[in-house]
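Notes follow once the structure below has been shown.
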Amino acid sequence: MTVFRDKSIECISKSDLARYQFQHLQETLQFALKTSFYQKRFKKNKLDALSSIQSLDDLEKIPFTVKDDLRDSYPKGLLAVDMKEVVRIHTSSGTTGIPTVIYHTQNDLNRWTELVTRSLVACGVSNEDVFQNMMTYGMFTGGLGLHYGAERLGALVIPSSSGNTQRQLQLMKDFQTTVVHATPSFMFHLASKIKEFGYAVEDLFLKKAFLGAEPYSENTRRKIEDFFKIDAYNSYGLSEMNGPGVAFECTYKNDMHIWEDAYIVEIINPETGERLPDGQEGELVLTTLRRSATPLLRYRTRDLTTILTEPCPCGRTHRRISRITGRTDDMLIINGVNVFPSQIEQVIMNIPEVGNNYQICLSREGALDRLTVKVEIYSKLFAGDLSELEKLKTKIRDRLKASIIINPAVELHEPESLPAFELKAKRVLDLREKL
Amino acid sequence: MAKQLNVFVDNRIGRIKSITEVLFKAGINIRAMAVQDRGDFGLVKLIVNHPDKAVIALQENNFACKEKDVLAVVIKDKPGGLFELLKVFPEDNVNILDAYGFAAETIKGSLFFVEVKDVKQVSDFLETKGFKVLTDAEVLEI
Chain A
1 MTVFRDKSIE
11 CISKSDLARY
21 QFQHLQETLQ
31 FALKTSFYQK
41 RFKKNKLDAL
51 SSIQSLDDLE
61 KIPFTVKDDL
71 RDSYPKGLLA
81 VDMKEVVRIH
91 TSSGTTGIPT
101 VIYHTQNDLN
111 RWTELVTRSL
121 VACGVSNEDV
131 FQNMMTYGMF
141 TGGLGLHYGA
151 ERLGALVIPS
161 SSGNTQRQLQ
171 LMKDFQTTVV
181 HATPSFMFHL
191 ASKIKEFGYA
201 VEDLFLKKAF
211 LGAEPYSENT
221 RRKIEDFFKI
231 DAYNSYGLSE
241 MNGPGVAFEC
251 TYKNDMHIWE
261 DAYIVEIINP
271 ETGERLPDGQ
281 EGELVLTTLR
291 RSATPLLRYR
301 TRDLTTILTE
311 PCPCGRTHRR
321 ISRITGRTDD
331 MLIINGVNVF
341 PSQIEQVIMN
351 IPEVGNNYQI
361 CLSREGALDR
371 LTVKVEIYSK
381 LFAGDLSELE
391 KLKTKIRDRL
401 KASIIINPAV
411 ELHEPESLPA
421 FELKAKRVLD
431 LREKL
Chain B
1001 MAKQLNVFVD
1011 NRIGRIKSIT
1021 EVLFKAGINI
1031 RAMAVQDRGD
1041 FGLVKLIVNH
1051 PDKAVIALQE
1061 NNFACKEKDV
1071 LAVVIKDKPG
1081 GLFELLKVFP
1091 EDNVNILDAY
1101 GFAAETIKGS
1111 LFFVEVKDVK
1121 QVSDFLETKG
1131 FKVLTDAEVL
1141 EI
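Laid out in C-alpha cells, this is it:
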C-alpha cells in the first residue's frame, strides 16, 4: 500500500492541478514583477502580468530565463521580497566564477522542506529510519535540503557530511543507519574500503540509499544496490529550483515524479525553444510556483529528459520525467559530431564486465580529435583470459560506435585504478588545445 | 591439474611488485610465474602454495584475478624434453593458450605448465601417452 505525505495533493486530478497551478502562477507573477530583472524583461516584451497571462497556456508568451540571467542579476536583481524576510541564501559559483544566488524566505524553506519530506515518504522512508547524510553541508543544497526533509519526517538524522570513510562506517554500524544520502562515487568508495576498515555489509542495517550530486547510470545504481543489498532511488533537483526535491522516484522506481504543484514543467527543443509534446526528449524548463523570494519563470535547466505520462502504480498523478540523459551544455564536439558524456556512460555502464569508474579522454592527433574511453574491468566477472579481454574491448568499441558514431580507442584498466572523486567525479578529460 | 591464478594488470610501473607485496603480506609463496603482455595491459600468471587464499588477498586489494585449471606436465630436463611433449600434442584440436615451465630437482626433471581450453581431455590424453600430469597437491609439494 502506498504511503502518502499528503494524498490530496499527490493524487490531485488533472483539472484541479491546472486550477492550482494557474492560481499560484498568478501569485508567482506578482512576486516576479517585484524584481528589477522581471520588471525590465516584461516591459521590454510588452507584457503585463495581469492582462497578458490569462491561462496556463499564456505562459509561453514569457521569454525563458537562463543561467546567465541569474549571473547578470547577481546579487539582488532577482530578489522579490524585502531583505528582512530573507532567512537563507544559497549561492553557486559555477564554472565561470560569476556567482548566482537564490534567496529563501521562511515560507520558501518550509515549502522546499515539505517537498523533500514528501519525496522521502514516497521512497518508503519513515520516522523509524536512521538517516545518515553523507553529503556536503553548506552552500551545496543537497546537504541541507535532505537534512531538513528527513528531520521533518521525524527520522533520526546523522549529519555526518561528506568524506571520512572510516567514521561513516562506524556511525552506520553504531547507530544502525537504515538510509544514506551520498554521491554514487562515495558509495563505491565505501564499498571498496569496507573490508579494509574491518566492517562487512552484514554488519550494517542499511536499507535505502539516495544517490545524487553527480550523473550516474542504471547499472551504477544496480551495482550499489547489489553490493549493499539495498534499494537506491533516483532523484532530480537543481540549486536554481531549491535543490533536491524537484522530482523523485517512488518505491516503484518507475522514473521520477516531478512535483507539479511546485513547478510548471515544460519540455522544449533546445535549439528552437519550441515546446515539445509529452514523450519527446528535450530540455526541461521549470517555473517555480511556491517561491516568493526568488521566483523563476520558464527557467531553462539545460537538462535533457522526457515527460512520461503512463500512470504509476503508486497512484500519484504528478507526471514523471526520465533519468536525465545529458546536459545541453556539456556536449562534446568530436570531429564535428555532437556527443554527450552521458551517452558514453550509458553504453559502458550497461556492459556487466565493466567496473565502477571510467574516464573519457579527448586529445588531438594532427587535425583529428581522438576519443579514448578508459574503463575498469569488473572483478567479479573477470574470466582470466586474454581472448575474453580482447572480446570485451571489441564489444565496448562496437557498442560505442553504434551509439555515438565515433570510433573510440578503448583501454581496459584494473579495478579502482581510475580516479573516483569523493564528491563529484570528473570524468571528462579534454586535452585538446583550444583553437 | 594445477591451479593457476590469472591476474589482470595495467601496463605501468610497479604492478608486478604490488602483486608480490600483497602475496608476501598474506604469507603466500609464489612457485612459478609468467607474464602475458598485450600492450596496455597484461595477465600475470602465478602458481602459488595457497591459491584460494591468494585470490582473496588479491581481490581485497582490488586486483581482478581468476583461478584457472592448467596442466602441470613432467618432462625430462634434457635436450628434446619439451619437444617430446609437444610432438604428441593433438595439434589439430588443441590450442595452447600459454605455457611456461621450470626445472625442478625433486621431480628429477622439469615441470611444464600448459594452459589449454579443455584441461581434462588433454590431461587424459597425455597420460595415455605416458606423461605424468601432476595434481594440485603434487605441484605444491615440489
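As they're listed, the protein sequences go chains A and B.
Per the numbering used here, the very first residue in the first sequence carries number 1; after that it's consecutive.
Per the numbering used here, the very first residue in the second sequence carries number 1001; after that it's consecutive.
Cβ coordinates follow ideal geometry from the N, Cα and C atoms, glycine included.
- 8 Å contact criterion, which Leu-50(A) and Ile-62(A) should meet: CB distance rounded: 13 Å between Cβ atoms; not a contact.
- Cβ shell of Leu-381(A) (< 8 Å), same chain only, five flanking positions each side left out: For Leu-381(A), the CB contacts under 8 Å within the same chain, skipping 5 residues up- and downstream, are Pro-352 and Glu-353 in chain order.
- Task: With 7 Å as the threshold, decide whether the Cβ of Met-195(A) is near any Cβ in chain B.
- Result: The question names Met, but residue 195(A) in the sequence shown is Lys. So yes, Lys-195(A) belongs to the interface.
- Query: Where do the N-terminal and C-terminal ends of the beta strand (DSSP E) with Pro-244(A) fall, by residue?
  - Reply: Here the beta strand (DSSP E) through Pro-244(A) covers 243-248.
- Query: By the criterion of Cβ-Cβ separation under 7 Å, what are the contact partners of Val-1009(B) in chain A?
  - Reply: Those are Glu-414, listed as they occur along chain A.
- Query: How would you label Ala-150(A), buried or exposed, when you count the other beta carbons within 10 angstroms and need 16 or more for buried?
  - Reply: By the neighbour-count rule (16 or more Cβ atoms within 10 Å), Ala-150(A) is buried.
- Message: Let me see if you follow: with CB-CB separation under 7 Å, is Leu-386(A) close to chain B or not?
- Response: At least one chain B Cβ lies under 7 Å of Leu-386(A).
- Span of the alpha helix (DSSP H) holding Gln-39(A)? Bounds of the alpha helix (DSSP H) holding Gln-39(A) are 36-44.
- Would a check of beta-carbon distances place Asp-1040(B) closer than 7 Å to chain A? Among the residues facing chain A, Asp-1040(B) is included, as its CB has a counterpart in that chain under 7 Å away.
- Message: Cβ closer than 7 Å: which chain B residues qualify as neighbours of Leu-411(A)?
- Response: The sequence given here places Glu at residue 411(A); Leu does not occur at that position. Close partners of Glu-411(A) in chain B (Cβ separation under 7 Å): Asp-1040.
- Item | Cα-Cα separation, Leu-276(A) to Ala-1054(B) | Roughly 58 Å separates the two Cα atoms.
- Item | Cβ-based contacts, 8 Å cut-off: residues of the segment 1044-1069 of chain B near chain A | The segment 1044-1069 of chain B vs chain A, Cβ under 8 Å: Gln-1059, Glu-1060, Asn-1062, Phe-1063, Ala-1064, Cys-1065, Lys-1066, Glu-1067 and Lys-1068.
- Could you give the uninterrupted runs of the beta strand (DSSP E) lying entirely in the segment 389-432 of chain A, keeping only those of 3 residues or more? Here the runs fully enclosed are 409-413 and 428-430.
- Query: Considering only C-alpha positions, which residue in the set Val-66(A), Thr-35(A) and Arg-5(A) is nearest to Pro-270(A)?
  - Reply: The candidate whose alpha carbon is nearest that of Pro-270(A) is Val-66(A).
- Query: Where does Ser-1123(B) fall in DSSP's three states?
  - Reply: Shown here, Ser-1123(B) sits in a helix according to DSSP, grouped into three states.
- Message: Can you tell me whether Ser-162(A) is helix, strand or coil according to DSSP?
- Response: DSSP places Ser-162(A) in the coil class of the three-state scheme, outside both helix and strand.
- Cβ of Met-139(A) within 7 Å of Cβ of Thr-91(A)? Contact annotation: Met-139(A) and Thr-91(A) have beta-carbon atoms nearer than 7 Å.
- Nearest to Leu-190(A) by CA position, among Phe-228(A), Val-428(A), Leu-153(A) and Thr-178(A), is which residue? Of Phe-228(A), Val-428(A), Leu-153(A) and Thr-178(A), the smallest CA-CA separation from Leu-190(A) is found for Phe-228(A).
- Query: Under the rule that 16 or more other beta-carbon atoms within 10 Å means buried, what is Ile-230(A), buried or exposed?
  - Reply: Counting Cβ neighbours within 10 Å, Ile-230(A) comes out buried, since at least 16 surround it.
- Item | DSSP bridge partner residues for Gly-1042(B) (one or two, in chain order) | Answer by DSSP bridge pairing, in chain order: Val-1009(B) and Asp-1037(B).
- Identity of the residue in Cys-123(A), Ile-268(A) and Ala-402(A) nearest Gln-280(A) by Cα: For the residues Cys-123(A), Ile-268(A) and Ala-402(A), the minimum Cα distance to Gln-280(A) belongs to Ile-268(A).
- Short CB-CB distance (under 7 Å) between Asn-1093(B) and chain A: Cβ-Cβ to chain A under 7 Å: no for Asn-1093(B).
- Message: Spatial neighbours of Ser-13(A) within its chain, please: C-beta separation below 8 Å, excluding the five flanking residues on both sides.
- Response: Leaving aside the five residues that flank Ser-13(A) on each side, the residues in its chain whose CB is nearer than 8 Å to its CB run, in chain order, Thr-317.
- Quick one: is Ile-377(A) near chain B, going by C-beta distance under 7 Å? Chain B, which has a Cβ nearer than 7 Å to the Cβ of Ile-377(A), makes this yes.
- Just the C-alpha distance for Asn-1049(B) and Arg-1031(B), rounded to the nearest angstrom, thanks. Whole-angstrom Cα-Cα distance: 7 Å.
- Item | Interface residues of chain A facing Gln-1036(B) [CB-CB closer than 8 Å] | By Cβ distance, chain A contributes Leu-386.
- Query: Which chain B residues are close to Phe-227(A), counting only those with a beta carbon under 8 Å from its beta carbon?
  - Reply: Near Phe-227(A) there are no residues of chain B at all, since even the closest Cβ is about 14 Å away, more than 8 Å.
- List the residues of chain B that Ala-122(A) touches, going by C-beta distances under 7 Å, in chain order. Taking a Cβ-Cβ threshold of 7 Å, none of the residues of chain B is close to Ala-122(A); the smallest such distance is about 36 Å.
- Task: Please check if any C-beta of chain B sits within less than 7 Å of the C-beta of Phe-186(A).
- Result: No, Phe-186(A) does not count as interfacial toward chain B.
- Task: Would you give the residue range spanned by the beta strand (DSSP E) that Ile-334(A) belongs to?
- Result: From DSSP, the beta strand (DSSP E) with Ile-334(A) extends over 332-334.
- Query: Is it the case that the Cβ atoms of Ala-122(A) and Cys-11(A) are separated by a distance below 7 Å?
  - Reply: Contact: no.
- Message: What ranges does the alpha helix (DSSP H) occupy inside the segment 1041-1070 of chain B, keeping only unbroken runs of at least 4 residues that lie completely in it?
- Response: Within the segment 1041-1070 of chain B, the runs of alpha helix (DSSP H) that reach at least 4 residues and sit entirely inside it are, in chain order, 1051-1060.
- Query: Which chain A residues sit within Cβ distance under 8 Å of Asn-1029(B)?
  - Reply: In chain order: nothing, as chain A lies at least about 21 Å away.
- Task: In angstroms with no decimal places, state the Cα-to-Cα distance between Asn-45(A) and Lys-34(A).
- Result: Using only the alpha carbons, I get a separation of about 16 Å.
- Which two residues bound the contiguous alpha helix (DSSP H) that contains Gln-106(A)? It spans 106-122 - the alpha helix (DSSP H) in which Gln-106(A) sits, taken as one unbroken run.
- What is the residue span of the alpha helix (DSSP H) that Ala-232(A) lies within? Premise fails: Ala-232(A) lies in the beta strand (DSSP E), 231-233, not in any alpha helix (DSSP H).
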